[in-house]
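Chains as they are written, first to last, in the numbering used here: chain A, 19 to 227; chain B, 19 to 227. Ideal placement from N, C-alpha and C gives every residue a C-beta, glycine not left out. Here is the structure we will look at, set down as C-alpha cells.
Protein chains: 2
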Amino acid sequence: MNEVKQKISACIMQRLARYYLCVQRLDSQGAVWVSSQELAAELELTSSTVRQDISHLDFSGISKRGYEVEKLKTILCGVLGLDRINPTVIVGAGNFGRALLLHRNFRENGFEIKAIFDKDPKLIGKNIESYYIQDIKNLTEVVREHKAKIGVIAVPSAAAQETADNLARAGITGILNLSTADIQVPRGCMLVHSRILLDLIRLAFYINM
Amino acid sequence: MNEVKQKISACIMQRLARYYLCVQRLDSQGAVWVSSQELAAELELTSSTVRQDISHLDFSGISKRGYEVEKLKTILCGVLGLDRINPTVIVGAGNFGRALLLHRNFRENGFEIKAIFDKDPKLIGKNIESYYIQDIKNLTEVVREHKAKIGVIAVPSAAAQETADNLARAGITGILNLSTADIQVPRGCMLVHSRILLDLIRLAFYINM
DNA sequence: TAGATTGTTAATCGATTAACAATC
DNA sequence: TAGATTGTTAATCGATTAACAATC
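The following block contains the structure:
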C-alpha cells in the first residue's frame, strides 16, 4: 500500500484527476509553467486549495514561477495509477459498449481495451474496427490472458448482476457499471456507477429552479 | 426562485437524487414504508444524514414506521424538477448519441428526447427506431418548436464548443457534455461534464494502490 | 404500555480558505 | 532589489454524526 496515496482523501483524489486532465491539456498546448492561481481558475477553485492538494504529492513548485507542467503531469500520472497500461474489458456490444470501445480518450489514458464481449450469437464474431465481438463464455479465459483489471458493464440492467459476478470471478478488481441496475460486488472489487442519469437530474434541478 | 430549493446545497441535492432513484425502485418493488436506517444502508450513509437531508423537504416521516415510499418519491420528484417533461435534444448521432437516445431510463425519468442531430449528410435522414437524424441546421427551429431545455453534446471534441454555442443560442439552458473538450457556455446556461473518464481514473487510483 | 423511529440540537469532524513567512 | 508565488499554519466554514426528547 502506497503511503502517499493513503493520505489522499476521495475528495482530493477527484481533484487530482481533474488537475491531471488540465495539465495534460496545458502540456499539449506547450505550456511550461502553471501557477496555483491558474489551475484554480481553470477548475473553479481557490489557489489555496490547489496548493494544499499539491502539497500531498512528492513534488514542489518554485516561488514566482509555479509548477513545472510536465513534471506535475508525470507525478499526477503516477499517483493516479495512469503511468501504466490498465487493461480493460467491455461486456456488452450495444451502443454504450461500442462508444467506449471507440473513444480514443480512454485508450490515450492507458485504459487499453483488450476485448469486448456479448452473449448474442448474432453479434459474436462481428468486427468493430480492429476488434471482433467475443463470446461472453470466453470472459474468464481472456481476462486472465490479458491480466485485465478493469471491466465495464454495458449490458441491459437485467444482466448486470450476472455480469458483475462473472467479472469478479474472472479476477477483475475494478468495475464501471454503465447499466442502471444496483449491483453487488465481493470485497476486494471496486465498483463505480456511471452517473449520466444523476448528471441529467442535476441539470433538471437547477434549470427548474 | 423556489425557497425550499435554495436551502439545498449541491451536496445534499446529489444525495436527494440518489434517494429518488432508490425509492423509485423500492416503490416498484411494492415497498410502502422505508426508514432512514434502510435508506442509509442502501446508499452507504448514516441514518442521521438521511434524516437531516429529508428534513429540508416539505415532508415528514412517522415515528416507528419511517417514510411513506410513494409520498417521498413524489416529493423528491418535485424538488428535483422531474415532475414534468424535460424536453431534451441530442447533438451527434454517433454511438454515444444513439446509446442515450435508446436508453429507456432517461425517457422514464422525464428526459424526453425530442430530436437527434448530426451534420454528416450520410447520416441525416436515417432512422433510429422511431427517430430520424435531423440536419444540425434545423437545431434552433426544432429546439424552439419543442421548447427543449436540455441539450446533450455527443459530437467529437473538435466540434463541441461550436455545438455548445449553437445550443445556447437556440435557447437551451442545461447542457450535458459527453465530449472530452472543455467548453464555455454563457451565463444562464448550466453545464455538466460527463465523468466517465474521471470514473475510470478513480478505479485506476484505487486498484493500483 | 414498551419500543422503535422521527426531527432537531449540539458536538464533532474534515474540508476549505486566509494569511503570511520563506524563497526564488 | 522588489515583487510574485510557494508551502504551511491557523482560522473558518460547512457537512456529518451523535444524542435524545418527542411521538407514534
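Beta-carbon contacts of residue i that lie in its chain and below 6 angstroms, excluding the five residues immediately before and after
i      : result
A188/B : L157, T158 and V161
L194/A : V170 and V210
W51/B  : R83 and G84
R220/A : none
D200/A : none
H164/A : P105 and K132
E90/B  : The question names Glu, yet the displayed sequence has Leu at residue 90/B. Excluding residues within five positions, the ones whose Cβ falls inside 6 angstroms are V41.
Residue i to residue j span [Cα, whole Å]
i      : j      : result
Q42/A  : A49/A  : 10 angstroms
K137/A : S66/B  : 44 angstroms
A177/A : L44/A  : 41 angstroms
I151/B : S78/B  : 46 angstroms
E180/A : H121/A : 26 angstroms
Q47/A  : E88/A  : 11 angstroms
I214/A : I108/B : 14 angstroms
D101/B : L216/A : 15 angstroms
C29/B  : S148/A : 42 angstroms
G99/A  : E21/B  : 44 angstroms
I134/B : G110/B : 7 angstroms
R33/A  : S81/A  : 22 angstroms
V68/A  : Q55/A  : 8 angstroms
G143/B : D153/B : 8 angstroms
E62/B  : L63/A  : 28 angstroms
L60/B  : T198/A : One detail in the question is off: residue 60/B reads as Glu in this sequence, not Leu. Cα-Cα distance, rounded: 15 angstroms.
E126/B : S53/B  : 26 angstroms
A117/B : E86/B  : 34 angstroms
K140/B : G112/B : 12 angstroms
I103/A : A222/B : 10 angstroms
M227/A : L218/A : 14 angstroms
A58/A  : L57/B  : 36 angstroms
S27/A  : S27/B  : 21 angstroms
Y224/A : D76/A  : 39 angstroms
P174/A : S175/B : 28 angstroms
I72/A  : M31/A  : 11 angstroms
Extent of the continuous alpha helix (DSSP H) run through residue i
i      : result
T198/B : No alpha helix (DSSP H) holds T198/B; DSSP gives it neither H nor E.
E21/A  : E21 to Q24
F129/B : No alpha helix (DSSP H) contains F129/B, which DSSP labels as neither H nor E.
N113/B : N113 to L120
M31/B  : A28 to S46
Spatial neighbours of residue i in its chain, beta-carbon cut-off 7 angstroms, leaving aside the 5 residues before and after
i      : result
V203/B : A182, A186, I193 and L209
L196/A : F114, V170, I171, A172 and S212
Q70/A  : none
L119/A : I108, I131, I134, I146 and Y149
Residues of its chain near residue i, where Cβ-Cβ distance is below 8 angstroms and the 5 sequence neighbours each way are ignored
i      : result
T106/A : F124, F129, E130, I131, K132, A166, K167, I168, G169 and V170
K25/B  : H74
G206/B : T191
N184/B : V109, I154, L157 and T158
K23/B  : V97
Where the beta strand (DSSP E) through residue i begins and ends
i      : result
M208/A : M208 to H211
Inside the region 49-105 of chain B only - alpha helix (DSSP H) runs reaching at least 4 residues | 54-61, 65-73 and 87-98
Just list the beta strand (DSSP E) runs in the region 132-204 of chain B, keeping only unbroken ones of 3 residues or longer that don't cross its boundaries, in chain order.
-> Correct list: 168-171 and 192-195.
Are the region 92-101 of chain A and the region 28-39 of chain A touching, with three or more C-beta to C-beta distances below 8 angstroms?
-> yes
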